[in-house]
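Okay, so here's the structure we're looking at.
Protein chains: 10
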Amino acid sequence: MKKKLETFPNPKPGRKYTITHINSEFTSVCPKTGLPDFGVITITYIPDKICLELKALKYYFLEYRNKGIFYEDITNKILDDLVAACKPLEMEITSEWSTRGGMNSIITAKYTK
Amino acid sequence: MKKKLETFPNPKPGRKYTITHINSEFTSVCPKTGLPDFGVITITYIPDKICLELKALKYYFLEYRNKGIFYEDITNKILDDLVAACKPLEMEITSEWSTRGGMNSIITAKYTK
Amino acid sequence: MKKKLETFPNPKPGRKYTITHINSEFTSVCPKTGLPDFGVITITYIPDKICLELKALKYYFLEYRNKGIFYEDITNKILDDLVAACKPLEMEITSEWSTRGGMNSIITAKYTK
Amino acid sequence: MKKKLETFPNPKPGRKYTITHINSEFTSVCPKTGLPDFGVITITYIPDKICLELKALKYYFLEYRNKGIFYEDITNKILDDLVAACKPLEMEITSEWSTRGGMNSIITAKYTK
Amino acid sequence: MKKKLETFPNPKPGRKYTITHINSEFTSVCPKTGLPDFGVITITYIPDKICLELKALKYYFLEYRNKGIFYEDITNKILDDLVAACKPLEMEITSEWSTRGGMNSIITAKYTK
Amino acid sequence: MKKKLETFPNPKPGRKYTITHINSEFTSVCPKTGLPDFGVITITYIPDKICLELKALKYYFLEYRNKGIFYEDITNKILDDLVAACKPLEMEITSEWSTRGGMNSIITAKYTK
Amino acid sequence: MKKKLETFPNPKPGRKYTITHINSEFTSVCPKTGLPDFGVITITYIPDKICLELKALKYYFLEYRNKGIFYEDITNKILDDLVAACKPLEMEITSEWSTRGGMNSIITAKYTK
Amino acid sequence: MKKKLETFPNPKPGRKYTITHINSEFTSVCPKTGLPDFGVITITYIPDKICLELKALKYYFLEYRNKGIFYEDITNKILDDLVAACKPLEMEITSEWSTRGGMNSIITAKYTK
Amino acid sequence: MKKKLETFPNPKPGRKYTITHINSEFTSVCPKTGLPDFGVITITYIPDKICLELKALKYYFLEYRNKGIFYEDITNKILDDLVAACKPLEMEITSEWSTRGGMNSIITAKYTK
Amino acid sequence: MKKKLETFPNPKPGRKYTITHINSEFTSVCPKTGLPDFGVITITYIPDKICLELKALKYYFLEYRNKGIFYEDITNKILDDLVAACKPLEMEITSEWSTRGGMNSIITAKYTK
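Heads up: the protein sequence lines correspond to chains A, B, C, D, E, F, G, H, I and J, in order. Heads up: the first sequence runs through residues 489 to 601, numbered per the working numbering. Heads up: the second sequence runs through residues 489 to 601, numbered per the working numbering. Heads up: the third sequence runs through residues 489 to 601, numbered per the working numbering. Heads up: the fourth sequence runs through residues 489 to 601, numbered per the working numbering. Heads up: the fifth sequence runs through residues 489 to 601, numbered per the working numbering. Heads up: the sixth sequence runs through residues 489 to 601, numbered per the working numbering. Heads up: the seventh sequence runs through residues 489 to 601, numbered per the working numbering. Heads up: the eighth sequence runs through residues 489 to 601, numbered per the working numbering. Heads up: the ninth sequence runs through residues 489 to 601, numbered per the working numbering. Heads up: the tenth sequence runs through residues 489 to 601, numbered per the working numbering.
So this is what it looks like as structure tokens:
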């Protein structure tokens, strides 16, 4: 799916600063039950030469809407796709999932150049 | 009780990332009074080769529903059972208990390989 | 189950005042799935000649712990049992249930003499 | 879509009591932009002879996941479908929508026999 | 205990206005267990010719600190004592009690001239 | 400014139901100081034959961004403009303003056909 | 103190609408102890021909900063002063006071033409 | 007072884990004014060979109910008593006190073997 | 824009202390859509010889009101302007942006002498 | 102003523990506008041989009520005065100020022996 992601040049390439994007409306489908999952995805990264373009990022997330995929898989896949797209100095992805049977899950994965 | 726990292969075994599962509907029985206790159990771990399967984990917790056991014991026993089941790099269990006589208790135990 | 309920004489029988008891630790079992349900039960009543004794009320609720029964049924049954036990001028029962598959339910039933 | 809805006999048909179901994970699609909308749907009704079955209701809501429909339309259509399915004494539907361009919308429609 | 209560002339006797005093630090003793109870007492009244003096009211509440008395009794007794002391047009007492065994109680009693 | 407002036919014209739109990002300019004011505008109405189109409504609000106008004036003017645009059965406008010198203001105006 | 209050013509004199001003930074002095009191004053009124000017209102409140006066007195005096200044159709004043010895007070007084 | 404290053998003596008990209903008496103080006491410790028994701990706290003692003194005395009773590897006591004259106090004392 | 910023001598130049200013009413314009953006800007710095004057800082922020500029750019530009104006030992700027299409962004940039 | 401050001997001089006093009702006057400022002052210190007496501390704060002084100045002056009075091992003062023109300020200054 990574071809959908777009980038723009970092406006302050010499400074190590952090960018966070929080998507509170992520949804995918549980591959076991076929029922939808709902989550909050938080991306935090230190850009190197390029930044993630926000609108393309939103469309990237929309591609998961009807796709069957597990929590652990999604989180690692988003990290891999976004690192490939913008080659940051550091990036961390956190996914927080809504309650299922009285249980909530949170997955956090990190990349360092 | 640990035979009930199931696992699946870690989808990203080379990366050190964390998984958290929060059970807000844990209940067991106080061995002294025979009255029910209610708690929130939080599991945080860094998987090695295998991950805990969520549905089997839920059924594992259900086995405590009518069992008499103390706070300190439950927390250490859950840690022992889950470490045995998925052999993680690190795991931490926190149990937070509802008010009894104006008092609340929180127990936290940690395992490192 | 109603034989467990106990009462005591209303200390101010001439005055129309209201008593509310909130049980935040109610649990029963879903008859369909065999899985536990968790709820908050609120009882509000105007006593006539007798009041509900609080400790016996707590033991009355404990009898639902391993019983399979639906939300709508529980709420009406609690109302019937408590009205039979203390013959109040008015009584209202509200049950609020924890999230199942992204959905919450609330049932409210009322009795007036 | 209404064929999916199922019902069961009201366990206490002589008493006027209220049932509320809150779906915090409703999602549909904006017919103008093709982008997803997210909402909370609250159903409150006084049953007459039959009640709405909760699992079928959840599947009924899932049919909107990829359907293009406006806020005002959804709210009125859900009311029409659910009234047709369970013929209640009264029913009210409220839909609360997540922020779009700094604006939130809430629609409330009511039916009385 | 009512001799401790003091009053002062209503500064605006012709106007029907309301005065609320909330004591968040009320404590008494359970006559059954000998253990302390903790509550929030809210007094709302429409004064007639005299108002309750606040400092004397605080000392009145302190007399319950080591006294064994039930929730329903306290609420009605406070209403009787304060009505006798300041002869208001209307007065309402609400007592909200801290959690005991997963249960909370709220008692509300009202007086109208 | 009212020419900017657009409408669409009420999808359920026979039913008296309510529509609420909340704009949390309203800003105008204080005519006295020239400094910006920030507010939350809530529109609640019962549509008759037509409904307010949401995107045009957003653009209508944007016209106030650099306009000097007082709180009481804005609230009444928005009510007049929106009533003229969609001829509702009832409409209420509430404007809540951010803190200025330790003070907050809220204005509410209502129209009934 | 009322000479400080200023007014301006009601911009919509034919419509019965409400204006609320909340002062979260009110302070006066307790006449008994000489210690400062802190409160939140809420004014809600339906204007007739004139409205209260906000800046003059703020200066009016400042005059209480070092003045010794009781809760019940302040509330009634503010109501009298503001009614005299703007001759509204209705006005209500609520004063909510910060904790003193575990107790909070709230006074509400209302005027109707 | 320390004779009242009871202990039981640590169920997992080889593991360094933490136990927290929070008493939200602590009350003592100010030695200066004779008026009651209300606080929240938090105990966090790493047990060595023995753990604090919870019911005896509750009765230990009750002995302060009518005792005149200052904030700084109580906090250090509780630490000394509990360390003497259970000889932990580490222990920290925090006492947070309710508002007096617009001021709150928090005291934290720590012991390390 | 930096000519608008004013400063005053640090009243305690020998001590390393921190000053935080939070602007909850920042607004600029998205250069892509021409629609307004709303944000909260937090400035934290350790002053050296001079401090930022607060009123001039407010006017500095007002210059962004109708200016088209991206999130990443604004944050870095504010940091550059303020560092140039007051030559602090350290400064950090955080900008938190309101929801757009279900997504929020936060940018943090830091300067150290 | 420091002569007003009083102290008492540290009841546990050998132990490094922390004391926090939070004054939520601090007020002074802006020297520029003559208008009142409102703040929350937090004092955290590790006592050496003496502790700050709480009632005298309250009276110390009251002396700022009608004094014109800037945020940065107050914070550093309070730190200097309190350090001089009780000669602590460490002390930190934080002042958090209420909203002025949409902006809040927080100042933190620290002393170490």
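Beta carbons are placed, not taken as given, at the ideal position from N, Cα and C, and that holds for glycine.
Exposed unless 16 or more other CB atoms sit within 10 angstroms - verdict on residue i
| i | result |
| --- | --- |
| GLY475/H | This structure gives no information on residue 475/H, because the portion of chain H shown stretches from 489 to 601. |
| THR600/B | exposed |
| THR521/C | exposed |
| GLY502/B | exposed |
| PRO524/F | buried |
| ALA681/E | This structure does not reach residue 681/E, given that chain E is present from 489 up to 601, and the question cannot be answered. |
| PRO576/F | buried |
| GLU551/F | exposed |
Residue i at chain B interface by Cβ criterion, 8 Å
| i | result |
| --- | --- |
| THR587/E | yes |
| SER583/C | no |
Local conformation of residue i per DSSP, three classes
| i | result |
| --- | --- |
| LYS598/C | strand |
| ILE557/I | coil |
| CYS518/I | coil |
| LEU570/G | helix |
| LEU542/J | helix |
| TYR548/C | helix |
| ASN511/A | strand |
| ASN592/H | strand |
| THR495/B | strand |
| THR563/B | helix |
| SER586/D | coil |
| GLY527/G | strand |
Beta carbon proximity, residue i to chain E, threshold 8 Å
| i | result |
| --- | --- |
| MET579/G | no |
| LYS598/G | yes |
| TYR505/C | yes |
Within-8 Å CB hit, residue i to chain D
| i | result |
| --- | --- |
| GLY522/I | no |
| PHE496/A | no |
| GLU560/C | yes |
Nearest candidate by alpha-carbon position, reference residue i, set the options
| i | options | result |
| --- | --- | --- |
| GLU578/I | TYR559/I, ARG553/I and ASP536/I | ASP536/I |
| PRO499/C | PHE526/E, ILE557/E and ASP525/E | ILE557/E |
| THR530/D | GLU494/D, HIS509/D and LEU542/D | HIS509/D |
| PHE549/G | VAL528/G, ILE538/G and THR532/G | VAL528/G |
| SER516/A | ALA572/A, ASN554/A, ASN592/A and GLU560/A | ASN554/A |
| ILE566/I | LYS598/I, LYS504/I and THR587/I | LYS598/I |
| LYS546/D | TYR559/D, ASN564/D and LEU570/D | LEU570/D |
| PRO497/C | ASP561/E, ILE594/E, THR587/E and THR506/E | ASP561/E |
| ILE534/C | LYS492/C, TYR559/C, PHE514/C and LYS504/C | LYS504/C |
| PRO519/H | SER512/H, GLU580/H, ILE595/H and TYR559/H | TYR559/H |
| ILE514/H | ILE595/E, ASN592/E, SER586/E and THR596/E | Just to set this straight, residue 514/H is Phe in the shown sequence, not Ile. PHE514/H has its Cα closest to that of SER586/E, out of ILE595/E, ASN592/E, SER586/E and THR596/E. |
| GLU494/G | GLU580/G, THR506/G, GLU541/G and ILE507/G | GLU541/G |
CB contact below 8 Å: residue i versus chain A
| i | result |
| --- | --- |
| ALA573/I | no |
Under 9 Å by beta carbon: chain A residues contacting residue i
| i | result |
| --- | --- |
| ASN554/D | ARG553 and ASN554 |
Contact with chain J by residue i, beta-carbon distance below 8 Å
| i | result |
| --- | --- |
| ASN592/H | yes |
Closer than 8 Å at the beta carbon, the chain G residues around residue i
| i | result |
| --- | --- |
| SER512/E | THR587, GLY590, MET591 and ASN592 |
Proximal chain D residues relative to residue i, where beta-carbon distance stays under 7 Å
| i | result |
| --- | --- |
| LEU570/F | None at all; the shortest Cβ gap to chain D is about 14 Å. |
Residue-chain proximity (residue i, chain C), Cβ-Cβ < 8 Å
| i | result |
| --- | --- |
| ILE595/D | no |
| THR563/D | no |
Chain-ordered chain M contacts of residue i [CB-CB under 9 Å]
| i | result |
| --- | --- |
| PRO519/D | Looking for chain M here will not work: the only protein chains present are A, B, C, D, E, F, G, H, I and J. |
Neighbouring residues, chain F, relative to residue i (Cβ below 7 Å)
| i | result |
| --- | --- |
| THR515/I | THR515 |
Proximity test, Cβ basis, 8 Å: residue i and chain H
| i | result |
| --- | --- |
| TYR547/J | no |
Short CB-CB distance (under 8 Å) between residue i and chain G
| i | result |
| --- | --- |
| LYS500/E | yes |
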